[in-house]
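K.L.:
Residue numbers (numbering that gives the first Met the number 0): 0 to 107.
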Amino acid sequence: MAGDQDAALTSVGLTELIHGIYRAHTSELQQRRQVFMEELLRDFTVYPYTKETALLAGRIDGEQQAQGVTIPFGDLLIGATALSLGFPILTVNARHFRLIPKLTVVTI
Numbered sequence: 000m001a002g003d004q005d006a007a008l009t010s011v012g013l014t015e016l017i018h019g020i021y022r023a024h025t026s027e028l029q030q031r032r033q034v035f036m037e038e039l040l041r042d043f044t045v046y047p048y049t050k051e052t053a054l055l056a057g058r059i060d061g062e063q064q065a066q067g068v069t070i071p072f073g074d075l076l077i078g079a080t081a082l083s084l085g086f087p088i089l090t091v092n093a094r095h096f097r098l099i100p101k102l103t104v105v106t107i
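(1) For the candidate residues T9, P87, L98, T80, whose alpha-carbon lies nearest to that of E51?
(2) Does the distance from the C-beta atom of I99 to that of G78 stay below 7 angstroms?
(3) Looking at C-beta atoms only, is the number of pairs between the stretch 45 to 61 and the stretch 18 to 28 that lie closer than 8 angstroms three or more?
(4) Excluding five sequence neighbours on each side, which residues of the same chain lie with their C-beta closer than 8 angstroms to the C-beta of S83?
(5) Quick one: grab the DSSP three-state call for A79.
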C-alpha cells in the first residue's frame with residue numbers, strides 16, 4: 000500500500016526494472032536488485048500492456064508528436080497503462096510523464 004491506495008506495476012515498468020538488474024556493474028548490486036524485484040513481485044500487482052492500452056498509447060503519441068512533443072517510448076507505454084486503468088503515476092522522475100495529457104503524476 001502507498002498511503003491509502005494500492006500500488007502496482009506495469010508490465011513495461013517491470014521490464015525496465017529487470018533490465019536494471021542485468022545492467023548492474025557488480026554481482027552484489029545485481030543481487031540486491033534481484034531481491035528488491037522479488038519483494039516487489041510478491042507485494043504488487045503487475046498490469047499487462049493490452050490492445051486497448053496500445054490504442055491509447057498510439058493516439059497519445061500521435062497527437063503529442065503532431066504538436067512537436069516527443070515522449071520516450073517506455074514512459075509513454077507506462078503512462079498509457081496507468082491512464083487506461085485510471086491510476087496516477089508515482090515516480091521520482093516526472094518529466095516525461097507530465098507530457099501525457101490527463102495523466103496524474105505524483106513525485107516522490
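Virtual Cβ for every residue (Gly too), placed ideally from N, Cα, C.
Being a predicted model, the structure only gives us computed values, none of them experimental.
P.N.:
This is what the structure holds:
(1) Translated into positions along the sequence shown, residue 51 becomes position 52. Comparing Cα-Cα distances from E51 to each of T9, P87, L98, T80, the minimum goes to T80.
(2) Counting from one through the sequence shown, the residue named residue 99 turns up at place 100. Counting from one through the sequence shown, the residue named residue 78 turns up at place 79. Yes.
(3) no
(4) Along the sequence shown, read from residue 1 onward, the residue named residue 83 stands at position 84. Closer than 8 angstroms at Cβ, skipping near neighbours: T49, E51, T52, L55.
(5) Residue 79 sits at position 80 when you count from the first residue of the sequence shown. Of the three classes helix, strand and coil, the one that applies to A79 here is helix, per DSSP.
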